[in-house]
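Trainee:
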Amino acid sequence: MKKIPKHIITASILCIFVIVAVVYLTIVFRSQHKEEPIYPGPGVTDMKMLSTWFPALKGTNGDTEVYILDSGVPGASMLVLGGTHPNEPSGFITAVALIECCQPTVGTLYVIPRANNSAFTCTDPQEAAPMNFTIDTQNGTRWFRFGSRATNPVDQWPDSEVYVHASSGQQLSGSETRNLNRAYPGRADGNLTEKIAYGITTLIQQEDIEITVDLHEASPEYTTVNAIVAHEDALELASIALWDVEDYMAITVEKSPTNLHGLTHRELGDYTDTLALLMETANASQGRLHGKIDSELVVSGKDKYYARAAKYGAVTVPYDETGISLSERCARHISCLVQFAEQYAFVGDGTSISLGSMPSYKDILTNGIGYYLADPQ
Amino acid sequence: MLKYVYLAIVAFVLALIVVNMFKKKKNFFFQLDAAIVMVTLILRLLLVK
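Quick note, the sequences are listed as chains Y and U, same order.
The opening residue of the first sequence carries number 41 in the numbering used here; numbering runs sequentially from there.
The opening residue of the second sequence carries number 3 in the numbering used here; numbering runs sequentially from there.
1) With 7 Å as the limit, tell me which residues of the stretch 23 to 46 of chain U have their beta carbon closer than that to any beta carbon of chain Y; keep them in chain order.
2) Please list, in chain order, the chain U residues whose beta carbon lies closer than 9 Å to that of N157(Y).
3) Using the rule of at least 16 other Cβ atoms within 10 Å of the residue's Cβ for burial, across every protein chain shown, is L48(U) buried or exposed?
4) From this set, L149(Y), Y359(Y), V136(Y), which residue's C-alpha is nearest Y411(Y)'s C-alpha?
5) Between the stretch 18 to 25 of chain U and the stretch 177 to 185 of chain Y, can you find at least three pairs of beta-carbon atoms closer than 8 Å?
6) From this set, I404(Y), D199(Y), G99(Y), L395(Y), which residue's C-alpha is nearest E368(Y)'s C-alpha?
7) How about K5(U) and V194(Y): are their beta carbons less than 7 Å apart?
8) Inspect the beta-carbon positions of T161(Y) and H73(Y) and report whether they are closer than 7 Å.
9) Given a cut-off of 7 Å on the beta-carbon distance, is the pair A267(Y) and E294(Y) in contact?
10) Within 10 Å of its beta-carbon, does N407(Y) have 16 or more other beta-carbons around it, so buried, or fewer, so exposed?
11) Measuring straight from C-alpha to C-alpha, what distance separates P399(Y) and A116(Y)?
12) Restricting to runs no shorter than 3 residues, where is the beta strand (DSSP E) found entirely within the stretch 232 to 275 of chain Y?
13) Report the partner residues of Y203(Y) according to the DSSP bridge assignment.
14) At 9 Å on the CB atoms, spell out the chain Y contacts of L4(U), in chain order.
15) Figure out for me which residue from T362(Y), F69(Y), C376(Y), K46(Y) has the closest Cα to the Cα of Q33(U).
16) N172(Y) lies in the beta strand (DSSP E); which residues open and close that run?
17) For chain Y, check one thing: does any of its Cβ atoms lie closer than 7 Å to the Cβ of V21(U)?
18) On the CB-based measure, 16 or more other CB atoms within 10 Å of its CB, does G341(Y) come out buried or exposed?
19) Looking at the unbroken beta strand (DSSP E) that takes in K152(Y), where does it start and where does it end?
20) Going by the DSSP bridge assignment, what does A184(Y) pair with across the sheet?
21) For a contact meaning CB atoms closer than 7 Å, what does F57(Y) contact in chain U?
22) Residues of chain U with CB under 7 Å from I48(Y), in chain order?
23) Find the residues of chain Y that neighbour L49(U), judging by a C-beta separation of less than 8 Å, and give them in chain order.
24) Determine, for C142(Y), whether the minimum Cβ-Cβ distance to residues of chain U falls below 7 Å.
25) Consult DSSP for S325(Y) and reduce its assignment to one of helix, strand or coil.
26) Excluding the five sequence neighbours on either side, which residues of its own chain have a C-beta within less than 8 Å of the C-beta of E276(Y), listed in chain order?
27) Which two residues bound the contiguous alpha helix (DSSP H) that contains D35(U)?
28) Under 6 Å Cβ to Cβ from P225(Y), same chain only, skipping five residues before and after it: list those, please.
29) What residues from chain U crowd round L54(Y), counting only those whose CB sits closer than 7 Å?
30) Could you pull the DSSP bridge partners for I374(Y) from this structure?
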């Protein structure tokens, strides 16, 4: 019998190793497409997909859930966008908290927790970011996806060398091609990210949304952080809301630059009648100065390297060893959302909206954001 | 269309690596290198991400 050469045997063994590795890694990667459960609370009266407003999204990873919390009392409407950038978790968790515990008493609240659903299915390359993080609720632990800033390249590829914003001609780095917050107002015949933006713009137009708030986070060294960025039409609302919240948190209002295109606070204000606002909190798991990124850093916001950088004046927000927790970041978002709603009656068309009895800033800091989320079922 | 060009290139490179891996006069570490590269190429070919 002819002896099998040694190199054929080793090559065959390695091929088996390759198959095992591919199967294992496929299971790991595909698990990122599993969505964490969201438990609609008593305030949710309906849930539709974004494709209801823009059918071309149906069947794509860009289609996403839109939760409707109708008080039954006629009034104004507000849209909250969480998960525009799924690596900025306070926006997503704030949206989930609204869905699970908000009960509006006047007007209608629309919440899109995963604005860029595709970006929840991957993480940013070379960042070693965790695929998920956990939050303790009153009687259990919930897991949530930590995603990417940009649409999954499997859903939209390749990126051009230069991204040209369709309606303005503005040129940006090619990597921004998959950034939802550079794609507004979107295009019906554009790429997937532009289609998602178009779907959200269409929703705002068809439902006559009066206030739109896009929830974000930024690195502690970024200049626009702990801030409300407002389209010029929404500056009055943002300023009035500031009067209340600045009693207990450091926050500023910044006017949306007129020459920076594709962002919610610019394009939604220009192309629709909504009052467009964007919020930024400080997230230590972003930026370039943090240590290891894991669930603990995402949730506690504690990072010894950022604390050290703060001592050298290298960050733009107050930061020490206690960090800036996810609870604090969500508390900032929720407090401002409540104020936007409450103060709209003074700047709008005579209508009003109220989010009901949402937890206060102090309550969230004391109990943690997990206290206000549903227990795992 | 670009996607299919990309996938065709990946499949071609993958085939070359497999053929090369089974050729004679290759030491084990060359084969190990090839196996690791194959894992990433197969994942890309299957658009797993």
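Just so you know, even glycine gets a beta-carbon here, dropped at the ideal spot from N, CA and C.
All figures in this text were calculated on a predicted structure; none of them were measured in a lab.
Mentor: The short version:
1) Here the close residues are M23, F24, K26, K28, F30, Q33, L34, A37, M40, V41, I44, L45.
2) Residues of chain U passing the Cβ test: none, with the nearest at roughly 15 Å.
3) The residue is exposed, with fewer than 16 neighbouring Cβ atoms inside 10 Å.
4) V136(Y)
5) no
6) I404(Y)
7) Result no, Cβ atoms of K5(U) and V194(Y) do not sit closer than 7 Å.
8) Yes, they are a contact pair.
9) Their beta carbons are under 7 Å apart, which means A267(Y) touches E294(Y) by this criterion.
10) exposed
11) 21 Å
12) 251 to 258, 267 to 270
13) Y203(Y) is bridged to L212(Y).
14) W197, P198
15) K46(Y)
16) N172(Y) -> beta strand (DSSP E) spans 172 to 177.
17) no
18) buried
19) Before going on, a small fix: residue 152(Y) reads as Ile here, not Lys. Run containing I152(Y): 148 to 152, per the beta strand (DSSP E) assignment.
20) Note that residue 184(Y) is Phe in the sequence shown here, rather than Ala. F184(Y) is bridged to F173(Y).
21) A37
22) Those within 7 Å of I48(Y) in chain U are F24.
23) V194
24) When Cβ-Cβ separations below 7 Å define contact, C142(Y) makes no contact with chain U.
25) coil
26) V387
27) 30 to 47
28) Sequence-distant Cβ neighbours of P225(Y) in its own chain, meaning closer than 6 Å and more than five residues away, are T241, E307, Y311.
29) Q33, L34, A37
30) None; I374(Y) has no bridge partner.
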